[in-house]
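Numbering (this note's numbering), first residue to last: 5 to 138.
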């Protein structure tokens with residue numbers, strides 16, 4: 005059974021930096037996925053006041069979907085919309101995605117808080133999704 009996952013990296017200024025879908029793709033749900041993740045940003049901000057941890061677990065639920073979040077020290081939010089709940093694999097996915105995001109930030113040609121258009125970054129994120137989520 006393959007579930008649907010929607011992953012987004014949201015910058016410190018609430019602008020989307022990267023997005024990807026894994027599993028079953030339905031074109032009609034893409035805007036709904038974006039809306040649910042965007043609506044959960046306020047709940048992420050609220051959760052930050054309650055903990056010092058980067059991984060915030062499930063911060064919101066919408067129908068059968070859960071929204072998990074990971075916040076970097078620079079206030080960049082890694083958001084995952086998912087149906088299945090596997091906290092350990094999601095935490096590992098976020099940790100490795102954060103590592104790749106840091107490597108992207110170290111690239112002298114990348115402007116912080118701008119969209120990530122690198123094909124290599126996209127390939128690495130898809131590989132992590134296959135490893136931890138699918």
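Note that the Cβ used here is the ideal one computed from N, Cα and C, for glycine as well.
Between residue 85 and residue 75, the CB-CB gap reaches or exceeds 9 Å. Under DSSP, residue 133 takes part in no beta bridge, so it has no partner. Residue 60 places its beta carbon less than 9 Å from that of residue 73.
For residue 110, the number of other beta carbons within 10 angstroms of its own is below 16, and it is reported as exposed.
In the structure shown, residue 114 adopts coil according to DSSP, grouped into three states. In summary, residue 124 is exposed, with fewer than 16 beta-carbon neighbours lying within 10 Å of its beta-carbon over all protein chains present. Secondary structure at residue 90: coil, using DSSP grouped into helix, strand and coil. Shown here for residue 11: same chain residues with a beta carbon closer than 6 Å to its own, the five before and five after excluded, namely 24 and 84 in chain order. When the Cα atoms are used, residue 56 and residue 102 turn out to be separated by approximately 16 Å. Under the DSSP assignment, residue 39 falls in the alpha helix (DSSP H) whose first and last residues are 34-52.
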